[in-house]
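Read the structure below first, then the notes.
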Amino acid sequence: NAGVTQTPKFRVLKTGQSMTLLCAQDMNHEYMYWYRQDPGMGLRLIHYSVGEGTTAKGEVPDGYNVSRSTTEDFPLRLLSAAPSQTSVYFCASSRQGTNYGYTFGSGTRLTVV
Amino acid sequence: ELKVEQNPLFLSMQEGKNYTIYCNYSTTSDRLYWYRQDPGKSLESLFVLLSNGAVKQEGRLMASLDTKARLSTLHITAAVHDLSATYFCAVASMDSNYQLIWGAGTKLIIKP
Chain A
43 NAGVTQTPKF
53 RVLKTGQSMT
63 LLCAQDMNHE
73 YMYWYRQDPG
83 MGLRLIHYSV
93 GEGTTAKGEV
103 PDGYNVSRST
113 TEDFPLRLLS
123 AAPSQTSVYF
133 CASSRQGTNY
143 GYTFGSGTRL
153 TVV
Chain B
1154 ELKVEQNPLF
1164 LSMQEGKNYT
1174 IYCNYSTTSD
1184 RLYWYRQDPG
1194 KSLESLFVLL
1204 SNGAVKQEGR
1214 LMASLDTKAR
1224 LSTLHITAAV
1234 HDLSATYFCA
1244 VASMDSNYQL
1254 IWGAGTKLII
1264 KP
């Protein structure tokens, strides 16, 4: 099983550029999440989705948007990149409910210069 | 607002020793998760603790949850080098079943 697949693995952007981080899961999980990980801060939730056609804001949503047009895909868009968005981004998915752990993708290391 | 604190944040220990990582959280929750992350890698689910008094064990790792004390522990028995990693706890916010609040992580180095 592929699990959660994220692309790209690495990217360097210039300030003001836009890009889309892709996330796909093949486990038929209802819930999907985008996190960013910064040194010494744990993970912070950017956006999440509880099913196809739904999205919601997490703790740090500004500068990002998402869509969930299929169960499998949950892309994250950076609208106008800023150096503060330099981070490692993780996509995750889970079954409905909190009884289950999350399955994480391998991450995207993004640098904004 | 739910806050999650782990301690210690850094731990260097010798193989064969026992140690405990602590995860405290500030408001009521009955869902707690432990994850492992190797350097430059993704996060791997270790334990899901769903009730007061829950205890789970996998190899040399044992996790427990005390919801009254708002405390979870991750105990390492007879540590081996392969357990070197960063360990995170995450607590489900009762305000939202979907949002996990994460601790800052405990970087564990086990010296041969």
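Protein chains in written order, with the numbering used here: chain A, 43 to 155; chain B, 1154 to 1265. Using N, Cα and C, we set each Cβ at its ideal position, and we do this for glycine too. All values reported here derive from a predicted model rather than from experimental measurement.
**Study point:** Endpoints, the beta strand (DSSP E) within which residue 1240 of chain B is located
**Key:** 1238-1245
Exercise for review: Could you tell me whether the Cβ of residue 146 of chain A comes closer than 7 Å to any Cβ of chain B?
Suggested key: Closer than 7 Å to some Cβ of chain B, the Cβ of residue 146 of chain A qualifies, so yes.
**Study point:** Local conformation of residue 1234 of chain B per DSSP, three classes
**Key:** helix
Check your understanding: Is the shortest distance between the beta-carbon of residue 63 of chain A and the beta-carbons of chain B less than 7 Å?
Key -> no
Review point. In the stretch 59-91 of chain A, which residues sit with their C-beta less than 7 Å from some C-beta in chain B, listed in chain order?
Key: Per Cβ criterion, the list reads 73, 82, 83, 84, 85, 87, 90.
Review point. Where does residue 1204 of chain B sit, in a helix, a strand or coil, going by DSSP?
Key: coil
Point to revise | Neighbour-count burial assignment, residue 132 of chain A, 16 or more Cβ in a 10 Å radius | key: buried
**Study point:** Local Cβ density within 10 Å of residue 71 of chain A, reported as buried at 16 or more and exposed below that
**Key:** buried
**Study point:** Start and end residues, beta strand (DSSP E) containing residue 132 of chain A
**Key:** Per DSSP, residue 132 of chain A belongs to the beta strand (DSSP E) from 129-136.
Review point. Which chain B residues are close to residue 141 of chain A, counting only those with a beta carbon under 9 Å from its beta carbon?
Key: Within chain B, the residues 1184, 1201, 1203 have their CB atoms less than 9 Å from the CB of residue 141 of chain A, given in chain order.
Review point. Which word fits residue 121 of chain A, buried or exposed, when buried means at least 16 other C-beta atoms lie within 10 angstroms of its C-beta?
Key: Taking a 10 Å sphere around the C-beta of residue 121 of chain A, we find fewer than 16 other C-beta atoms and assign the residue as exposed.
Check your understanding: Candidates A:81, A:82, A:104, A:96: which alpha carbon is nearest residue 88 of chain A's?
Key -> When only C-alpha atoms are compared, the closest one is A:104.
**Study point:** Given 8 Å, three or more beta-carbon pairs between the stretch 1197-1215 of chain B and the stretch 1158-1169 of chain B
**Key:** no
Practice item. Determine the closest residue to residue 111 of chain A out of A:94, A:127, A:126, with distance taken between C-alpha atoms. Key: Its Cα nearest to that of residue 111 of chain A, the residue A:94 stands out among A:94, A:127, A:126.
Exercise for review: Could you give the DSSP three-state label for residue 126 of chain A: helix, strand or coil?
Suggested key: In this structure, residue 126 of chain A counts as helix in the three-state DSSP scheme.
Exercise for review: Spell out whether any CB of chain A is found under 7 Å from the CB atom of residue 1217 of chain B.
Suggested key: Chain A contact via Cβ: absent.
Check your understanding: So what does DSSP say about residue 61 of chain A, is it helix, strand or coil?
Key -> Strand, per DSSP.
Point to revise | Delimiting residues of the beta strand (DSSP E) encompassing residue 89 of chain A | key: 85-91
**Study point:** Alpha carbon of residue 153 of chain A to alpha carbon of residue 61 of chain A, nearest angstrom
**Key:** 12 Å
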